[in-house]
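Trainee: My questions will all concern the structure given below.
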Amino acid sequence: MKIYYIKFDVEINDNRFPDLKNAQAFCWVSETTPEAAIVKSEYFIKKDDIKINRIIQYPYEVNHNDFEDKDIGTENYLKCKKEGLSILYLGITTTVKSPTKFSIENKYQTQNTQEFLKKWKRLKQKGKCLHYSATNNCDHTIKSHSIQKRQMLSSISHNGHVYAISTDLSDIKRNAGAPTYKLKGLDQVSTFQGFCQKHDNELFTPIDDYPLQPTNEQVFLYSYRSVCREIYMKTNSYELCLESINKEENPAIIEFLKATIEGTEKGLNDLKKHKMNFDKSLKKKDFLDIEYVIFCSESKPNLAFSGLCYPYYDFQGKHIQTPFDKNKRLQLLSFCSAPMESGWGYIISWHKSSSDIGQHYINSLATATYLKKNIGDYLFRQTLQFENLAFSPIWWEALEQEKKDQIINYVYNNLSSFSDISPDHLSSGPDGICKWNFSYVKSNY
Ligand SMILES: [Zn+2]
Numbered sequence: 001m002k003i004y005y006i007k008f009d010v011e012i013n014d015n016r017f018p019d020l021k022n023a024q025a026f027c028w029v030s031e032t033t034p035e036a037a038i039v040k041s042e043y044f045i046k047k048d049d050i051k052i053n054r055i056i057q058y059p060y061e062v063n064h065n066d067f068e069d070k071d072i073g074t075e076n077y078l079k080c081k082k083e084g085l086s087i088l089y090l091g092i093t094t095t096v097k098s099p100t101k102f103s104i105e106n107k108y109q110t111q112n113t114q115e116f117l118k119k120w121k122r123l124k125q126k127g128k129c130l131h132y133s134a135t136n137n138c139d140h141t142i143k144s145h146s147i148q149k150r151q152m153l154s155s156i157s158h159n160g161h162v163y164a165i166s167t168d169l170s171d172i173k174r175n176a177g178a179p180t181y182k183l184k185g186l187d188q189v190s191t192f193q194g195f196c197q198k199h200d201n202e203l204f205t206p207i208d209d210y211p212l213q214p215t216n217e218q219v220f221l222y223s224y225r226s227v228c229r230e231i232y233m234k235t236n237s238y239e240l241c242l243e244s245i246n247k248e249e250n251p252a253i254i255e256f257l258k259a260t261i262e263g264t265e266k267g268l269n270d271l272k273k274h275k276m277n278f279d280k281s282l283k284k285k286d287f288l289d290i291e292y293v294i295f296c297s298e299s300k301p302n303l304a305f306s307g308l309c310y311p312y313y314d315f316q317g318k319h320i321q322t323p324f325d326k327n328k329r330l331q332l333l334s335f336c337s338a339p340m341e342s343g344w345g346y347i348i349s350w351h352k353s354s355s356d357i358g359q360h361y362i363n364s365l366a367t368a369t370y371l372k373k374n375i376g377d378y379l380f381r382q383t384l385q386f387e388n389l390a391f392s393p394i395w396w397e398a399l400e401q402e403k404k405d406q407i408i409n410y411v412y413n414n415l416s417s418f419s420d421i422s423p424d425h426l427s428s429g430p431d432g433i434c435k436w437n438f439s440y441v442k443s444n445y
């Protein structure tokens, strides 16, 4: 990731130095774009309870040589390289005669991240059956795999393991906030407690025990399971934010949590409406309500995934729907990898209530192919948006470091809270890495 250097004019109110003036914040920030570097620095300065007046120096990219003769510069540059950020505040006061270093005293109680992750783990173990006819008898939820396990996840695994994003705090810290892909056992990947044993077996046998033919029912079930997992995950993060905001004192963190809660609430409400549409069709066994396109490959898969997306931009970077439009429900697409008789299929599907965006999305993908772009690269970039994604260890370990870095930077940029989604996030990014070749396409509309 790049390191940017930014300078702010700030006001520091610290009882130890009542006449402090000419205060400035010098920031070294590890980010993918200058815009994200500004947002990230501003968030952390506010978190220190310091008021920002203006930017004195707009972000520019720096490297180690820029600070060679300057001890303080080198120290902060290296700290940023390790931790993702370093801020140094400078000011003049009559009470301190020679240059002296002080630590910022934060007057607010802030929850530690360890506590936060503990709560997350506790919520994750709390299951709930999401079947449309769930009753109190559904008390024993099981760990279901949202990525088909028997032929899909297992087929990319090596010694029972795959690479997936790590949520360990030590990994996040070590990699300066950027994602780390770590070897995980199959039972630690893609599972969620969203169904009781009875309903899980009853519903998912056609996809868990048989390869994708495809039938409408199979595609429907792949899509339905992705929707249920997303509801389960979003409900957990919503509850976690609500619990955290009540215990938080720092205004900058409260503001951040408020925005997260608002976004999650809107996303979750829309998601519940989508699930209701799926439930209605499922009840009537009306599997024709699903529309899909499947890109079929006869090679061995190197990735396995399942995920959902409200697409905001198409493959040409054209804006197609707006987040946070209170009057309009966002249309939803689901993406899954599924085992086929020979090879595997990349399924893109949607309930017919999301037809407009679904069909536009596919047309835009077709346009990209017409322009002789590699469809595999486009789909690969789409896939990297999902955290419910596993890499084959043999494939990942053989990948050059430069390509791994390209993937990590791209994922960081797309999942970061500090940057907006760029209109061209699907049309540019990691290229020629996945090497997917699709021999034929199946669709039902
Ligand atoms: Zn149940």
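Numbering (my numbering), first residue to last: 1 to 445. Cβ atoms here follow ideal geometry from the backbone N, Cα and C, with glycine treated the same way.
#1: Taking just the CA atoms, how far does Pro-59 sit from Ser-144?
#2: His-158 bridges to which residues according to DSSP?
#3: Among the candidates Cys-27, Val-219, Phe-380, whose CA atom is the shortest distance from the CA of Lys-81?
#4: Return the residue from the list Leu-85, Ile-142, Ser-443, Asp-48 that minimises the CA-CA distance to Glu-11.
#5: Give the list of continuous beta strand (DSSP E) stretches no shorter than 3 residues that lie fully inside the stretch 53–130.
#6: Among Ser-86, Asn-302, Ala-368, Thr-383, which residue has its Cα nearest to the Cα of Ala-398?
#7: In the DSSP assignment, find the beta strand (DSSP E) that holds Thr-32 and state where it starts and stops.
#8: Out of curiosity, what's the CA-to-CA distance linking Arg-122 and Phe-192?
#9: Would the stretch 245–254 and the stretch 325–344 be scored as touching if the rule is three or more Cβ pairs under 8 Å?
#10: So does Lys-449 have its beta carbon nearer than 7 Å to some heavy atom of ligand 1?
#11: With a CB to CB cut of under 7 Å and the five nearest residues on each side skipped, what residues in its chain are close to Glu-314?
#12: Less than 8 Å between the CB atoms is what I'm expecting for Tyr-310 and Leu-332, so what's the real figure, rounded?
#13: What does DSSP give as the partner residue(s) for Phe-192 in the beta ladder?
#14: Mind checking whether Cys-434 and Gly-376 have CB atoms under 8 Å apart?
#15: Does the distance from the C-beta atom of Asn-388 to that of Phe-305 stay below 8 Å?
#16: Should Phe-195 be listed as close to ligand 1, given that the test is whether its C-beta is under 7 Å from any heavy atom?
#17: Sorry if obvious, but does the Cβ on Cys-228 come closer than 7 Å to a heavy atom of ligand 1?
#18: Between the alpha carbons of Ala-164 and Asn-22, how many angstroms are there, rounded?
#19: Return the residue from the list Tyr-89, Lys-2, Glu-105 that minimises the CA-CA distance to Asp-14.
#20: Ordered along the chain, which non-local residues of its own chain (more than five positions away) have a Cβ less than 6 Å from that of Asn-76?
#21: Cβ of Cys-296 versus every heavy atom of ligand 1: is any distance shorter than 7 Å?
#22: Just to confirm my understanding: we take Gln-148, look at its own chain, exclude 5 residues before and 5 after, and list those with CB closer than 7 Å. What are they?
#23: Cβ of His-131 versus every heavy atom of ligand 1: is any distance shorter than 7 Å?
#24: Give the straight-line distance between the Cα atoms of Lys-2 and His-140, rounded to the nearest whole angstrom.
#25: CA-CA distance, Ile-156 and His-199?
#26: For Ile-261, which of helix, strand or coil comes out of DSSP?
#27: Excluding the 5 residues preceding and the 5 following Ile-45 in the sequence, name in chain order all residues of the same chain whose CB lies nearer than 7 Å to its CB.
#28: When burial is assigned at 16 or more other CB atoms within 10 Å of the CB, is Arg-16 buried or exposed?
#29: Name the two residues that bound the continuous beta strand (DSSP E) containing Glu-291.
#30: Quick one: residues in its chain with C-beta nearer than 6 Å to the C-beta of Phe-418, no 5 flanking neighbours on either side, listed in chain order?
#31: Taking the alpha carbon of Leu-20 as the point to measure from, which residue in Ile-50, Lys-107, Gly-91 has its own alpha carbon closest?
#32: Let's test the definition: count the other Cβ atoms within 10 Å of the Cβ of Met-152 and tell me whether it reaches 16, buried, or not, exposed.
#33: Return the first residue and the last residue of the alpha helix (DSSP H) that Ala-366 is part of.
#34: Which residue marks the beginning of the alpha helix (DSSP H) containing Ile-421, and which one marks its end?
#35: Which two residues bound the contiguous alpha helix (DSSP H) that contains Cys-458?
#36: So if DSSP puts Ser-11 in a beta bridge, which residue, or which two residues, is it bridged to?
Mentor: Taking the coordinates as given:
#1: Rounded to whole angstroms, Ser-144 to Pro-59 spans 46 Å at the Cα level.
#2: Paired residue(s): His-161.
#3: Lys-81 has its Cα closest to that of Cys-27, out of Cys-27, Val-219, Phe-380.
#4: The shortest Cα separation from Glu-11 among Leu-85, Ile-142, Ser-443, Asp-48 belongs to Asp-48.
#5: Runs of the beta strand (DSSP E) spanning 3 or more residues and lying entirely within the stretch 53–130 occur at 85–92, in chain order.
#6: Here the closest residue by C-alpha is Asn-302.
#7: Annotation: Thr-32 is outside any beta strand (DSSP E) and is labelled neither H nor E by DSSP.
#8: So the alpha carbons of these two residues sit roughly 13 Å apart.
#9: The stretch 245–254, when compared against the stretch 325–344, does not touch it at the 8 Å Cβ threshold.
#10: No statement about residue 449 is possible, as the shown extent of the chain runs from 1 to 445 and does not include it.
#11: In the sequence as presented, Glu is not what sits at residue 314; that position holds Asp. Ile-320, His-360, Tyr-361, Ser-364.
#12: Indeed they touch by this definition, with Cβ atoms about 6 Å apart.
#13: In DSSP, Phe-192 forms a bridge with Ser-144.
#14: Cβ distance < 8 Å, so Cys-434 and Gly-376 count as in contact.
#15: Going by C-beta atoms, Asn-388 is nearer than 8 Å to Phe-305.
#16: Yes - ligand 1 has a heavy atom lying nearer than 7 Å to the Cβ of Phe-195.
#17: Cys-228: no, Cβ never under 7 Å from ligand 1.
#18: Within the model, the alpha-carbon separation for Ala-164 versus Asn-22 is close to 47 Å.
#19: Nearest of Tyr-89, Lys-2, Glu-105 to Asp-14, Cα basis: Glu-105.
#20: Residues of the same chain with a CB within less than 6 Å of the CB of Asn-76, apart from the 5 flanking positions on each side, are Trp-28, Ser-86, Leu-88 in chain order.
#21: No - ligand 1 has no heavy atom lying nearer than 7 Å to the Cβ of Cys-296.
#22: Cβ within range, chain order: Ile-207, Asp-208, Ala-338, Pro-339.
#23: Yes, ligand 1 has a heavy atom inside 7 Å of this Cβ.
#24: Each residue's alpha carbon lies about 48 Å from the other.
#25: Rounded to whole angstroms, Ile-156 to His-199 spans 27 Å at the Cα level.
#26: DSSP places Ile-261 in helix when its eight states are reduced to three.
#27: Its chain contains Phe-8, Val-10, Ala-25, Ile-52, Ile-87 as the residues whose beta carbon lies nearer than 7 Å to that of Ile-45, once the 5 sequence neighbours on both sides are disregarded; these appear in chain order.
#28: By the neighbour-count criterion, in which a residue is buried when 16 or more other Cβ atoms sit within 10 angstroms of its Cβ, Arg-16 is exposed.
#29: 290–297 is the extent of the beta strand (DSSP E) around Glu-291.
#30: Short of 6 Å from the beta carbon of Phe-418, and not among the five residues preceding or following it, lie these beta carbons of its own chain, in chain order: Ala-36, Val-39, Lys-40.
#31: Considering only alpha carbons, the answer is Gly-91.
#32: When all chains shown are included, Met-152 counts as buried.
#33: 355–370 is the extent of the alpha helix (DSSP H) around Ala-366.
#34: In the DSSP assignment, Ile-421 falls outside any alpha helix (DSSP H), carrying neither H nor E.
#35: The requested residue 458 does not occur in the structure, where the chain is confined to residues 1 to 445.
#36: One point to set straight first is that residue 11 is Glu, not Ser, in the sequence displayed. For Glu-11, which the question treats as bridged, DSSP gives the partners Lys-51.
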